[in-house]
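Undergrad: For the sequence shown, counting from 1, position 181 maps to 182 in my numbering; every step adds exactly one. Encoded as structure tokens, here's the structure I'll be asking about.
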Amino acid sequence: MLQSPKVVAVPIMTHPGIEYIGKSVRDAVSDGEVHFTAVKKLEELYPSAACCTIMDLTVEAEAFGAPINLPEHEIPTVSGRLVSTYDEVAALQVPDLTAGRVPQYLLANRLCAQFVKDRPVFGGCIGPFSLAGRLFDMSEIMTAIYIEPDTINLLLDKCTQFITAYCQAIKQAGSDGVVMAEPAAGLLSDNDALLFSTEYVKQIVAAVQDDSFTVILHNCGNTGHCTNSMVQSGARALHFGNKADMGQVIADVPDDIIVMGNLDPVTTFKQATPEEVKNLTSKLLRKMTGHANFVVSSGCDLPPHVPHDNINAFFSAVAEFNASI
């Protein structure tokens, strides 16, 4: 890809596939075969350069024992705090890979790797600081990193142990990489992100990334203030949300690291007209001309009920841009 002037397109999407096969979000996040069928449908419909499994930021928290809500047609959410003191964190057991819905997600990865042969398959996981925030409460952890750093570092150690094992299992299932969603790190300064996110992401990257498996670090909370912490993670690809200026991002990232982003999943993909989607995509492609390490993508996971005409308009803009090169 780095040697070609043509732009690769990889929107982060699974909900359109879920809708196409007539299933609910709850079905897909609870049943690995439904999950796989949705991903396979998107592979058949769209020329994305890779397939991505569902970006579900509750799977790992649920495995630890956090309570979650599983609405029928919306993404799951964590509904309550699991730990609040050092002693509770110390007593917290790192779960095995049979906990909660983890086996269903590994099944989806295994089926995708087995039946999707024309493009890479990327699994999904949460990042360590984002997981810790879901277990400790996001508001509370933002204070605790300053007044209880030992508690948070212990919690981050346990989160990292589990995410590492989970990513190793995704790799063993045959996937070509993993999109690690670490949006909570975008709430931190670059220095704090280095301490409470990057140091732990680096451990996961070192354990799983190699010539056959890529870590894509996603941080849609980064407005440009903590790009350095993402670069320092060692992840081979970085994925940015729509709040970041991609022109500035690309200037802050070395040329050998893939930069992905960042069309707004709601105001562009879901709410705009097909013509507007095409124009906005073309505008971003022109802005990023000359950067071989750029991959055009959505700024985050596409939400439910994105019009298929808009997805087609996105790919049409990419095709026309590449044809003009």
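Glycine residues also receive a C-beta, built at the ideal position from the N, C-alpha and C atoms. Just so we're clear, the structure is a prediction, and the values are computed from it rather than from any experiment.
#1: How would you write the range of the alpha helix (DSSP H) that Asn154 sits in, first residue to last?
#2: When we look at the beta-carbon of Ser5 and count the other beta-carbons within 10 Å, is it buried (16 or more) or exposed?
#3: Rounding to the nearest angstrom, what Cα-Cα distance links Met139 and Cys113 in this structure?
#4: On the three-state DSSP scale, how would you describe Val327?
#5: Going by alpha carbons, who is nearest to Val278 out of Asp256, Ser317, Val296, Ile259?
#6: With contact counted as at least three CB pairs below 8 Å, one residue from each stretch, are the segment 270 to 277 and the segment 286 to 305 in contact?
#7: Tell me which residues share the same chain as Ile326 and place their Cβ nearer than 7 Å to its Cβ, disregarding the 5 neighbours each side in the sequence.
#8: Given that a residue counts as buried once 16 or more other Cβ atoms are within 10 Å of its Cβ, and exposed if not, what is Lys284?
#9: Identify whether Val254 lies in helix, strand or coil by the three-state DSSP scheme.
#10: Leaving aside the five residues before and after Ile205 along the sequence, list all residues of the same chain whose C-beta is less than 8 Å from its C-beta, in chain order.
#11: Quick one: what's Met181 bridged to in DSSP?
#12: CB Thr59 to CB Thr38, shorter than 9 Å?
#13: Distance, Cα to Cα, Tyr106 vs Met14?
#14: On a CA-only basis, which of Val202, Asp191, Ala208, Ala252 is nearest Asn223? Give me that one, please.
#15: Report the three-state DSSP secondary structure of Asn313 (helix, strand or coil).
#16: Label Tyr201 either buried or exposed according to how many other C-beta atoms from any shown protein chain fall within 10 Å of its C-beta, with 16 as the threshold for buried.
#17: Check His36 in the structure and name its three-state DSSP category.
#18: Using three-state DSSP, classify Ser5 as helix, strand or coil.
#19: Decide if Ile142 is buried, meaning its Cβ has at least 16 other Cβ atoms within 10 Å, or exposed.
TA: The relevant details are as follows:
#1: Per DSSP, the continuous alpha helix (DSSP H) segment holding Asn154 begins and ends at 150 to 173.
#2: Ser5 should be labelled exposed.
#3: Cα-Cα distance, rounded: 33 Å.
#4: Here the chain covers residues 2 to 326 and nothing more, so residue 327 does not appear.
#5: Taking only the C-alpha atoms, the option nearest Val278 is Ser317.
#6: Output reads yes: the segment 286 to 305 touches the segment 270 to 277.
#7: Hits under 7 Å: Pro6, Lys7.
#8: Result: exposed.
#9: In the three-state reduction of the DSSP assignment, Val254 falls in the coil class, being assigned neither a helical nor a strand state.
#10: Here the set comprises Pro129, Thr161, Ile164, Thr165, Cys168, Met181, Val216.
#11: DSSP output for Met181 lists Cys126, Leu218 as bridge partner(s).
#12: Taking C-beta atoms as the reference points, Thr59 and Thr38 fail to come closer than 9 Å.
#13: Approximately 16 Å, taken between the alpha carbons.
#14: The residue with the shortest Cα to Cα distance from Asn223 is Asp191.
#15: DSSP places Asn313 in the helix class (H, G or I) of the three-state scheme.
#16: Result: buried.
#17: Reduced to three states, the DSSP call for His36 is helix.
#18: In the structure shown, Ser5 sits in coil (DSSP, three-state: anything other than H, G, I, E or B).
#19: Classification of Ile142: buried, given that the 10 Å Cβ count is 16 or more.
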